[in-house]
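Residue numbers (UniProt numbering): 1 to 219.
What follows is a single structure, written as structure tokens, with notes after it.
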Amino acid sequence: MFTAVFITAERCLCIMVPLKVRKIVPPFKSVAVLITIDVFNVFGFVYECMPGNYNWTLAATQNKTLIALKVRSNSAENEGIAFTIHAVLMSAALLCVVIFTAALVVKLNQKTQWRLESTSDDRQRETFKTKDRKTVKMVILVAAVMVVCYTPAVMLSVVSASCPEFNVTGSLASLFHGVWTVVFVLGTVNASVNFFIYYSMSTKYKEDLKQLLRVTTFI
Numbered sequence: 001m002f003t004a005v006f007i008t009a010e011r012c013l014c015i016m017v018p019l020k021v022r023k024i025v026p027p028f029k030s031v032a033v034l035i036t037i038d039v040f041n042v043f044g045f046v047y048e049c050m051p052g053n054y055n056w057t058l059a060a061t062q063n064k065t066l067i068a069l070k071v072r073s074n075s076a077e078n079e080g081i082a083f084t085i086h087a088v089l090m091s092a093a094l095l096c097v098v099i100f101t102a103a104l105v106v107k108l109n110q111k112t113q114w115r116l117e118s119t120s121d122d123r124q125r126e127t128f129k130t131k132d133r134k135t136v137k138m139v140i141l142v143a144a145v146m147v148v149c150y151t152p153a154v155m156l157s158v159v160s161a162s163c164p165e166f167n168v169t170g171s172l173a174s175l176f177h178g179v180w181t182v183v184f185v186l187g188t189v190n191a192s193v194n195f196f197i198y199y200s201m202s203t204k205y206k207e208d209l210k211q212l213l214r215v216t217t218f219i
């Protein structure tokens with residue numbers, strides 16, 4: 001998700017300051033930011049796993065030694081902190097996506113208006129309008145899908161942080177696993193549907209993808 005926020009910010013800069021974007025965000029900075037985001041995501045996952053660990057435990061009813069999740073004494077506190085941080089960061093990320101998308105749409109509309117005023121050819125004016133309108137729709141749709149898919153995760157993080165029984169080992173463990181499974185599926189849907197949005201609404205994306213497939217097939 002944070003990678004998508006960074007890409008949205010870069011896209012916004014490309015429209016607002018096209019001649020300076022390479023100086024503001026050169027390729028090595030982009031790589032550094034993406035690596036930092038990945039490291040941060042891994043750290044967050046490790047921290048969420050800290051409240052418990054798996055160990056061999058004797059199951060008296062079955063007279064067997066099984067691997068079970070053993071919860072540490074401070075697990076509730078750690079989980080509360082982890083979910084609170086998760087809710088705050090995801091809320092900030094969604095807010096950034098909305099702000100960057102709104103700024104991008106405003107700037108695109110301004111550029112469209114400037115193009116229409118700078119040409120008197122009706123055919124060219126119509127081409128500009130159609131192309132820019134499609135770009136605006138695509139940008140808004142991508143942002144809307146992201147907000148819809150990740151808002152449940154923010155809400156569940158708040159619930160998980162405020163309700164001690166709504167966790168992996170609490171009395172509401174079954175409900176916890178069920179709803180978080182749905183949330184993870186929504187995240188996967190968000191990542192998958194973008195491909196179809198770009199393919200159906202971006203001519204350049206479609207052409208580049210076809211060219212890439214031709215090269216791959218040839219190799």
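All residues carry an ideal CB built from backbone N, CA and C; glycine is no exception.
Since the model is a prediction, treat every value here as computed from it, not as a measurement.
By the C-beta density criterion, LEU104 is buried, having at least 16 other C-beta atoms within 10 angstroms. A contact is defined here as three or more CB-CB pairs under 8 Å, and the stretch 151-160 meets this definition with respect to the stretch 178-186. Here the C-alpha atom of MET1 lies approximately 21 Å from the C-alpha atom of TYR205. One Cα belongs to LEU213, the other to ILE81, and the distance between them is close to 45 Å. Between the alpha carbons of HIS86 and LEU95 lies a gap of roughly 14 Å. LEU13 is the residue among LEU13, THR3, PHE6 and ASP208 whose C-alpha sits nearest the C-alpha of LEU108.
Here the alpha carbons of ASN41 and ALA92 stand approximately 15 Å from one another. Taking a 10 Å sphere around the C-beta of ALA32, we find fewer than 16 other C-beta atoms and assign the residue as exposed. DSSP, read as helix, strand or coil, puts LEU209 in helix. Taking a contact as a CB-CB distance under 8 Å, the pair MET138 and VAL97 does not count as one, their CB atoms being some 14 Å apart.
DSSP places GLY170 outside both helix and strand once states are collapsed to three, so it counts as coil. The C-alpha of PRO18 lies about 42 Å from the C-alpha of ALA161. For LYS131, the enclosing alpha helix (DSSP H) begins and ends at 122-162.
Where VAL5 is concerned, the enclosing alpha helix (DSSP H) starts and stops at 2-16. Nearest in C-alpha terms to VAL159, of all of VAL179, CYS149 and VAL148, is VAL179. About 6 Å separates the beta carbons of PHE128 and LEU116, which is inside the 8 Å limit, making them a contact pair. Counting every other CB atom within 10 Å of its CB across the protein chains shown gives PHE43 a total below 16, marking it as exposed. The continuous alpha helix (DSSP H) containing VAL21 extends over residues 21-24.
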